[in-house]
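Asks: If you read the sequences in order, they're chains Y and D.
Read left to right, the first sequence gives residues 121 to 291 (the working numbering).
Read left to right, the second sequence gives residues 453 to 739 (the working numbering).
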Amino acid sequence: MTGRTSDSDHYVLDVNGEPREVTDSWLGESLLDVLRDRLGLVGTKGACEQGECGSCSVLLDGVLVCSCLVMAASTVGQPIVTIEGVAPVDAPSDVQQAFVDAGAVQCGFCTPGLVMAVHDLLERSATPSDTQIREELAGNVCRCTGYGRIIDAVQQVALARREPPQAGGGR
Amino acid sequence: MPVHLPDTVDAAVDALASDHSATILAGGTDLMVEVNDGHRRPERSVVVVNRIPELRSWRRDPIAATVTIGAAVSHREIETGPLADLLPALAEAARTVGSPQIRNAGTLGGNLGTCSPAGDGLPVLSALDATVELASSSGRRTLPVDEFMLGVKRTALAPGEMIVSITVPVVEGWQGYAKVGVRNAMVIAVASACVVLDRSSERVAVALGSVGPTILRCPEAEQHLASTIDWRNFGVSSDELATFGELVSRASRPITDHRSTAEYRRHAVGVLARRLVRRASSNELAA
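#1: Tell me the DSSP bridge mates of arginine 124 (chain Y)?
#2: Listing by chain order, which chain Y residues have their CB less than 7 Å from the CB of serine 590 (chain D)?
#3: Since serine 245 (chain Y) meets chain A, which of its residues come closer than 9 Å, beta carbon to beta carbon?
#4: Give the DSSP-derived three-state secondary structure of valine 658 (chain D) in the structure shown.
#5: Comparing C-alpha positions only, which one of D:Gly697, D:Ala524, D:Ile476 and D:Trp510 sits nearest to leucine 538 (chain D)?
#6: When we look at the beta-carbon of histidine 130 (chain Y) and count the other beta-carbons within 10 Å, is it buried (16 or more) or exposed?
#7: What three-state label does DSSP hand glutamine 226 (chain Y) in the structure shown?
#8: At a CB distance below 7 Å, what residues from the region 468-488 of chain D approach chain Y? Give them in sequence order.
#9: Under 7 Å, do threonine 666 (chain D) and threonine 619 (chain D) count as touching if we go by C-beta distance?
#10: Please look up how many angstroms separate the CB atoms of arginine 669 (chain D) and valine 658 (chain D), rounded, as I've assumed it's under 8 Å.
#11: Which residues in the same chain as threonine 202 (chain Y) place their Cβ atom closer than 7 Å to its Cβ, once the five residues preceding and following it in sequence are excluded?
#12: So is isoleucine 707 (chain D) buried or exposed if we call it buried at 16+ other beta carbons inside 10 Å?
#13: Using a cut-off of 8 Å between C-beta atoms, extract the partners of alanine 545 (chain D) located in chain Y.
#14: What distance in whole Å lies between the Cβ atoms of valine 500 (chain D) and serine 194 (chain Y), which are believed to be in contact at a cut-off of 8 Å?
#15: At the 7 Å Cβ level, is threonine 460 (chain D) part of the contact set with chain Y, yes or no?
#16: Interface residues of chain Y around methionine 638 (chain D) at Cβ under 7 Å?
#17: If I'm right that leucine 564 (chain D) touches leucine 574 (chain D) with Cβ under 8 Å, what's the distance once you round it to whole angstroms?
#18: To which residues does DSSP link methionine 614 (chain D) through a beta bridge?
#19: Tell me, please, whether the CB atom of serine 509 (chain D) is closer than 7 Å to any CB atom in chain Y?
#20: Measuring CB to CB, does cysteine 567 (chain D) end up less than 7 Å from threonine 607 (chain D)?
#21: Could you list which residues in chain Y have their beta carbon closer than 7 Å to that of proline 494 (chain D), in chain order?
#22: Suppose you measure from the CA of serine 497 (chain D) to the CA of serine 145 (chain Y); what does that come to, to the nearest Å?
#23: For the alpha helix (DSSP H) containing isoleucine 253 (chain Y), list its first residue and its last residue.
#24: By the three-class DSSP mapping on this structure, what secondary structure does histidine 676 (chain D) have?
#25: Hey, how far is the Cα of valine 597 (chain D) from the Cα of serine 617 (chain D)?
#26: What is the DSSP secondary structure of glutamate 715 (chain D), counted as helix, strand or coil?
#27: What separation, rounded to the nearest whole angstrom, lies between the Cα atoms of aspartate 581 (chain D) and proline 621 (chain D)?
#28: Once DSSP output is grouped into helix, strand and coil, what is the label at glutamate 141 (chain Y)?
#29: Report buried or exposed for arginine 269 (chain Y), applying the criterion of at least 16 other Cβ atoms within 10 angstroms of its Cβ.
#30: With DSSP run on the structure shown, which of helix, strand or coil describes cysteine 168 (chain Y)?
#31: When you compare the CB of glycine 123 (chain Y) with every CB in chain D, is at least one pair closer than 7 Å?
#32: In the DSSP assignment, what are the bridge partners of threonine 559 (chain D)?
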């Protein structure tokens, strides 16, 4: 047989650039549950568990997916990036800082998923229109903000990446 | 318990042959919802098919005028790039599937394997007379897509068999897909329709989703439109278009469920089909 076979209850995942051993997993367990409950990476949130809310978004092999709909054991050998891998706790990414500056965070539950989605969006499209932002973020549900300030945050990052602030000019 | 990650079709069908209860996993966007809800649990083994290069790629055959799409090609890839130019109705359908996250993971083969009456790609495959290539340890076979889809989440897939690819004819003319749901994004179709106007053979194809146990074609409506449409510019009189819409509605076999009523669905597919034909003619006038 060509290809590989992993054992559903014992495997190693490549999470945020580090090999992470998973033991006692059950066949069919989602990547979301493995990240949170077995690896302690609780930045990724779980809510609907049916791909409707986007709060569990991660990058798998460079592609934005809902980790609740990914079978963890099927990702052996593929790089996974979670919100913990985006930036260190004390040095937020430009997207994270823009969410704070724009007031795009209220209860914060949807924020990690949105930050993952916005990083992905801006990688593919440096100058998105508001409509494009709404379409690209359609899979991330926020029940607090009404989305206006989230869109402001995305546009702030897009602008800052095009026109980096001058040295000494302040924030 | 084994999770197989084969990189060839041969290796995948070997794994399926060794355990007929094996669960086939592609993008996971349907299967994992059932697993998370506790409605389904893989029993002994899982065969992951979305790392097989043959299933991840597509190719065009200019002589046969077809495009063959590997079963694990994502909706996202169909929605954008060269595939969208070759198969615009399939791209429109792909664009309406779930969210970007779902379209990144979900595959055309998975859409077909799940065989929900609301599967967005399916009316397009039916209207374009696509064929499905299946593989098992005893070899390969090809079926018309309408013979593959048997009913609500029922297909002609035999134990130990998997979907390898879908071959779709490239049509000269116009094609479009439309659906209605409770909102624009992230919605499961309450009713959907695909219309194909094949100018070279002067043939009309109409296929409906979410209004029957599986995708339905509308032979009477197709014949009526083919004999009344102006094939030069896709113009059609409002009376003939109304009759066409009636015939489409009559071909539907909807039920009332938690998403909508049979009456609304019957009405909506007629409206969608008429709207698509109008779109084809206004597109021609603009060109």
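Glycine residues also receive a C-beta, built at the ideal position from the N, C-alpha and C atoms.
Computed from a predicted model, the values in this text were never measured in an experiment.
Replies: In brief:
#1: For this step, residue 124 (chain Y) is matched to residue 4 along the first sequence. BP columns for arginine 124 (chain Y) point to D:Leu457.
#2: For the purposes of this step, residue 590 (chain D) is taken as residue 138 along the second sequence, with counting starting at 1. Simply none; closest approach about 17 Å.
#3: Checking the listed chains, one finds no chain A in this structure; the protein chains it contains are Y and D.
#4: As a first step, residue 658 (chain D) is located in the second sequence; it is residue number 206 there, counting from the start. If DSSP states are grouped into helix, strand and coil, valine 658 (chain D) belongs with the strands.
#5: The residue given as residue 538 (chain D) occupies position 86 in the second sequence. It is D:Trp510 whose Cα lies nearest to the Cα of leucine 538 (chain D).
#6: Start at 1 with the first residue of the first sequence, and residue 130 (chain Y) comes out as number 10. With fewer than 16 other Cβ atoms within 10 Å, it is exposed.
#7: Stepping through the first sequence from its first residue, residue 226 (chain Y) is reached at position 106. Residue state, collapsed to three classes: coil.
#8: Listed by position along the chain: Leu477, Gly480, Thr481, Met484, Val485, Val487 and Asn488.
#9: Reading the second sequence from its first residue, position 214 is the one you call residue 666 (chain D). Reading the second sequence from its first residue, position 167 is the one you call residue 619 (chain D). At least 7 Å separates the beta-carbon of threonine 666 (chain D) from that of threonine 619 (chain D).
#10: As a working mapping, residue 669 (chain D) is identified with position 217 in the second sequence. As a working mapping, residue 658 (chain D) is identified with position 206 in the second sequence. Your pair arginine 669 (chain D) and valine 658 (chain D) checks out as a contact, with CB atoms roughly 7 Å apart and the cut at 8 Å.
#11: To locate residue 202 (chain Y), count along the first sequence from 1; it is residue 82. Excluding positions up to five away in sequence, the list reads Val135, Asn136, Leu155, Leu161, Gly163, Thr164 and Val178.
#12: Reading the second sequence from its first residue, position 255 is the one you call residue 707 (chain D). The residue in question, isoleucine 707 (chain D), is exposed, as its Cβ has fewer than 16 Cβ neighbours within 10 Å.
#13: On the second sequence, residue 545 (chain D) is found 93 positions in, with the first residue counted as 1. Within chain Y, no residue comes near alanine 545 (chain D); the closest Cβ sits about 16 Å away, beyond 8 Å.
#14: Here the question's residue 194 (chain Y) lines up with position 74 in the first sequence. Here the question's residue 500 (chain D) lines up with position 48 in the second sequence. Contact holds; Cβ gap of about 4 Å.
#15: Taking the second sequence and counting its residues from 1, one reaches residue 460 (chain D) at position 8. At least one beta carbon of chain Y lies nearer than 7 Å to the beta carbon of threonine 460 (chain D).
#16: As a position in the second sequence, residue 638 (chain D) is number 186, starting the count at 1. From the beta-carbon of methionine 638 (chain D), the residues of chain Y found nearer than 7 Å are Glu172, Ala258 and Gly259.
#17: Sequence index remark: in the second sequence, residue 564 (chain D) carries index 112 (1-based). Sequence index remark: in the second sequence, residue 574 (chain D) carries index 122 (1-based). Sure, about 7 Å apart at Cβ, within 8 Å.
#18: For the purposes of this step, residue 614 (chain D) is identified with residue 162 of the second sequence, where counting begins at 1. Within the DSSP bridge table, the entry for methionine 614 (chain D) names D:Ala587 as partners.
#19: Along the second sequence, one-based indexing puts residue 509 (chain D) at 57. The C-beta of serine 509 (chain D) comes no closer than 7 Å to any C-beta of chain Y.
#20: Position 115 of the second sequence, counting from 1, holds the residue named residue 567 (chain D). Position 155 of the second sequence, counting from 1, holds the residue named residue 607 (chain D). Going by C-beta atoms, cysteine 567 (chain D) is nearer than 7 Å to threonine 607 (chain D).
#21: If you number the second sequence from 1, residue 494 (chain D) lands on position 42. Ordered by position in chain Y, the residues that pass the 7 Å Cβ test against proline 494 (chain D) are Leu147 and Gly148.
#22: Here residue 497 (chain D) refers to the residue found at position 45 of the second sequence. Here residue 145 (chain Y) refers to the residue found at position 25 of the first sequence. Spanning the alpha carbons of serine 497 (chain D) and serine 145 (chain Y) requires a straight line of approximately 14 Å.
#23: Taking the first sequence and counting its residues from 1, one reaches residue 253 (chain Y) at position 133. DSSP places isoleucine 253 (chain Y) in the uninterrupted alpha helix (DSSP H) bounded by 250-256.
#24: Position 224 of the second sequence, counted from the start, is the residue given in the question as residue 676 (chain D). Reduced to three states, the DSSP call for histidine 676 (chain D) is helix.
#25: Along the second sequence, one-based indexing puts residue 597 (chain D) at 145. Along the second sequence, one-based indexing puts residue 617 (chain D) at 165. Their Cα atoms are separated by approximately 11 Å.
#26: Counting from 1 along the second sequence, the entry for residue 715 (chain D) is found at position 263. In the three-state DSSP reduction, glutamate 715 (chain D) falls in the helix class (H, G or I).
#27: Translated into positions along the second sequence, residue 581 (chain D) becomes position 129. Translated into positions along the second sequence, residue 621 (chain D) becomes position 169. Cα to Cα, aspartate 581 (chain D) sits roughly 7 Å from proline 621 (chain D).
#28: In the first sequence, residue 141 (chain Y) corresponds to position 21, counting from 1. Of the three classes helix, strand and coil, the one that applies to glutamate 141 (chain Y) here is strand, per DSSP.
#29: In the first sequence, counting from the first residue as 1, residue 269 (chain Y) sits at position 149. So arginine 269 (chain Y) ends up on the buried side.
#30: The residue given as residue 168 (chain Y) occupies position 48 in the first sequence. Three-state DSSP puts cysteine 168 (chain Y) in coil, outside helix and strand.
#31: The count along the first sequence starts at 1 and reaches residue 123 (chain Y) at position 3. Closer than 7 Å to some Cβ of chain D, the Cβ of glycine 123 (chain Y) qualifies, so yes.
#32: Numbered from 1 along the second sequence, position 107 holds the residue referred to as residue 559 (chain D). Bridge partners of threonine 559 (chain D): D:Ser526.
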